[in-house]
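Undergrad: Read in order, the letters of the sequence shown correspond to residues 457 to 1061 in my numbering.
A virtual CB, placed ideally from N, CA and C, is assigned to each residue, including glycine.
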Amino acid sequence: MSYLVLARKSRPQKFDQVVGQRPIVKTLQNSIARNRIAHAILFSGVRGVGKTTLARIMAKAINCQAERTERPCDNCPSCKEIATGASLDLYEIDGASNRGIQEIRELKEKIRFLPTSSEFKVIIIDEVHMLTTEAFNALLKTLEEPPAHVYFMFATTEIHKIPITILSRCQQYELKRVPAKELYDHFGRLAGEEGFDIDPAALSLIVREAGGSIRDGLSLLDQMFSFGEKNIETSDVVEVLGLVNRAVLMRLTKALLEGERSDAFLCLEEIFDFGMDIKRFMEDLLDQFRTLLLCKIEGCAQLIDLPQEELLDFQGVSENYSSETIHLKLSLLMSIAEDLRFSAQPRLTLETSFLKIIEATNVVPLSSLLGQLDQILPQLTETQSLQKQAVKSEATEPLKKKKSLETNHLKAPEKPGDSPPPTSPSPAPPTDKPAADANEAPQKSPQSAPSQSEEAGDTQEITSSKKSHELEIHPNEKDVRKDWPQFIEYVKDRKVWMAQDLQRADSAKQEVEGELHLTFADAVNCSLLRQKENHQLLTEFALDFFQKPLKVKFTVPEIDDTPDANGDDSPHKKRQQLANDPLVIMAAEIFNGQIGDIRIGPRSR
Ligand SMILES: [Zn+2]
457 MSYLVLARKS RPQKFDQVVG QRPIVKTLQN SIARNRIAHA ILFSGVRGVG
507 KTTLARIMAK AINCQAERTE RPCDNCPSCK EIATGASLDL YEIDGASNRG
557 IQEIRELKEK IRFLPTSSEF KVIIIDEVHM LTTEAFNALL KTLEEPPAHV
607 YFMFATTEIH KIPITILSRC QQYELKRVPA KELYDHFGRL AGEEGFDIDP
657 AALSLIVREA GGSIRDGLSL LDQMFSFGEK NIETSDVVEV LGLVNRAVLM
707 RLTKALLEGE RSDAFLCLEE IFDFGMDIKR FMEDLLDQFR TLLLCKIEGC
757 AQLIDLPQEE LLDFQGVSEN YSSETIHLKL SLLMSIAEDL RFSAQPRLTL
807 ETSFLKIIEA TNVVPLSSLL GQLDQILPQL TETQSLQKQA VKSEATEPLK
857 KKKSLETNHL KAPEKPGDSP PPTSPSPAPP TDKPAADANE APQKSPQSAP
907 SQSEEAGDTQ EITSSKKSHE LEIHPNEKDV RKDWPQFIEY VKDRKVWMAQ
957 DLQRADSAKQ EVEGELHLTF ADAVNCSLLR QKENHQLLTE FALDFFQKPL
1007 KVKFTVPEID DTPDANGDDS PHKKRQQLAN DPLVIMAAEI FNGQIGDIRI
1057 GPRSR
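1) Smallest Cα separation from P603: which of G684, H495, R524 and S573?
2) Looking at the structure shown, is K637 part of a helix, part of a strand, or coil, going by DSSP?
3) Closest by CA to R555, which one among V578, E590 and K564?
4) Which residue comes first and which comes last in the alpha helix (DSSP H) that contains H783?
5) Give the residues whose C-beta lies closer than 7 Å to at least one heavy atom of ligand 1, in chain order.
6) Among F1010, K632 and F610, which residue has its Cα nearest to the Cα of L623?
7) For F770 and L748, what's the separation of their Cα atoms in angstroms?
8) Extract the residue ranges of the alpha helix (DSSP H) inside the stretch 581 to 628, only unbroken runs of 4 or more that lie entirely within it.
9) Taking only three categories from DSSP, how would you classify S573?
10) Can you give, in chain order, each stretch of the beta strand (DSSP E) that sits fully within the stretch 934 to 973 and has at least 3 residues?
11) Apply the 10 Å Cβ neighbour rule to V475 and answer buried if 16 or more other Cβ atoms are within range, or exposed otherwise.
12) Does the Cβ of E945 have 16 or more other Cβ atoms within 10 Å, making it buried, or fewer, making it exposed?
13) Taking 9 Å as the threshold (C-beta atoms), are P528 and Q469 in contact?
14) Which value, in whole angstroms, describes the spacing of the CA atoms of D893 and Q831?
15) If you drop the 5 nearest sequence neighbours on each side, which residues of the same chain put their C-beta closer than 6 Å to that of I615?
16) Among K632, G673, K686 and H642, whose alpha-carbon lies nearest the alpha-carbon of F652?
17) Pairs of beta-carbons, one from the stretch 935 to 943 and one from the stretch 965 to 974, closer than 8 Å: are there three or more?
18) Per DSSP, which residues does I579 bridge with? Please list them.
19) Just how far apart, CA to CA, sit F976 and H783?
20) Would you mind sorting S718 into buried or exposed? The rule is 16 or more other CB atoms within 10 Å of its CB.
21) In whole angstroms, what separates the C-alpha of D1000 from that of V947?
22) May I have the straight-line CA-CA distance separating E780 from L722, to the nearest angstrom?
23) Grab me the residues of E665's own chain with a C-beta within less than 8 Å of its C-beta, minus the 5 sequence neighbours each way, in chain order.
24) Please name the residue in A647, T588 and A463 whose C-alpha comes closest to that of I618.
25) Under DSSP, the beta strand (DSSP E) around F1002 begins and ends at which residues?
26) Note the first and the last residue of the continuous beta strand (DSSP E) segment covering L498.
27) In terms of DSSP beta bridges, what is N687 paired with?
28) Using 8 Å as the threshold, is the stretch 552 to 566 in touch with the stretch 515 to 529, meaning 3 or more CB pairs across them?
29) Verify whether the separation of the beta carbon atoms of T525 and A489 is less than 9 Å.
30) Could you tell me the distance, in whole angstroms, from the CA atom of Q828 to the CA atom of Q679?
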């Protein structure tokens, strides 16, 4: 027997062999079983999805001699006749080459007579949209009152070109592109039957290239089989079909998103070396970005027709970027595709445009900016209460504190590399301290200056000088003060609420060896943390993270236990409150400035 291309060899002969189109197949089967077959049926859809195949199966089923539910049996004389193309009652007409009124007249002449060997005459017109208007008009009358012994099956890729008068007289079936998964299974099975061992990634590539068309996929598969190797690898497919490896495309996509110029240019070089058609390459690249964007849109995963592992790949990549960023870069790419069409120097156009895309900075969605602000605000209020406490303790033990602070001021210049305190967003060094209210406040003292960074910085320097020794002795241990933000992140990965509660702590210190002191201004903020099991969990987290046993202790100070509580009205207090106002602090942070003179009252002052 002579060589048959796969597409013909593997053409389905019965309904259950059809790949994809399950709902349509079911409906057609039911219409046969219940003997309610429309006299004119129109199959539409893109090329190679099985329109003509379904029309032929229907032709068989209509004339099959088996039980209605078993049709077509592919075994009775009628089925065999049709399968071998020997049937005199099946007319297959190609609309593209038989499009005139004369051909339709001849056809009408033929169907006037009763069928010869079968029960019905079946006319299949492929590419029916190619018929001329006159031909359609000639057909119209027959479709309006079709003879009882005639069935029409039409197939078209361009349903919009068919006159509405014809459409309204047909039962219409719109065939879908065959999902990647079904193609994958089908092609895999065929390859096995043909004795080929095909690498899953190579098969995925063929499925992708098929674009939902069985026929396209089968001819690619045929090409691969002719290649000669019994084991088909991805590289073979890439070479034989002239494709850009998906891995290179993915690398380029990431480079464009990450802003990696060199990587993007290297990928481009690879693609050019390969001699890839530029238009095709742009299509693939756009498709990459489109898929990434779809991954970001909730509930759109089913729109992405990819094998599972590739889908997971895309989802993994898309997680690293905001949908705004992907969208922006996709729009830029689309404008390149436009430019490329008119470019005499496609490579140069691509390179300059890629630079433009890389320069386009990542877009941060407004919602996430607002979220960040929400996170900053509690920290600011924390800082504020920290300062309040510092002022309180200062009032109770002014001498001791003053002493320690003074020594710290002396120490400060010796360790400029000391990291800024985590709670203080402003990196103002202590030496730049503006003696803001020194001029105005009568009860001035060096440690009551309004700059919040300074206060926090001082207290932290005390602990850090002590800690640095311990760090040298136990290099694996972490420092409570310095690594506190990382610890919160660590907890956040495990227990989000706990991290949030820890963030509400006004301070976290290791004052005594082996004890972690958490100070909360408000007992409510740590009530959950203090519950036995949570307390235990927190202790374990601390042990895991800091690599040293720490007893977690909570300090919840009384609110109104200091004389300052009543003295809020003093001019100094008022200024201090102002300086500590979250809005003021935020403004200082945004403008990267410091709080200088503070004046209250009418402008004249
Ligand atoms: Zn049959």
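TA: Per the coordinate set shown:
1) H495
2) helix
3) E590
4) S779 to R797
5) K516, C520, Q521, A522, R527, P528, C529, D530, N531, C532, S534 and C535
6) F610
7) 6 Å
8) 589 to 600 and 620 to 623
9) coil
10) 963 to 965
11) buried
12) exposed
13) yes
14) Caution is warranted here: a pLDDT of 42 is assigned to D893, below 50, making its placement in the model unreliable, and the coordinate value is therefore given only provisionally. Distance between the alpha carbons of D893 and Q831 is about 30 Å.
15) S500
16) K686
17) yes
18) Y547 and F608
19) 44 Å
20) exposed
21) 10 Å
22) 26 Å
23) D672, G673, L676, L697 and L699
24) T588
25) Per DSSP, F1002 belongs to no beta strand (DSSP E); it is in the alpha helix (DSSP H), K988 to F1002.
26) A496 to S500
27) D653
28) no
29) yes
30) 55 Å
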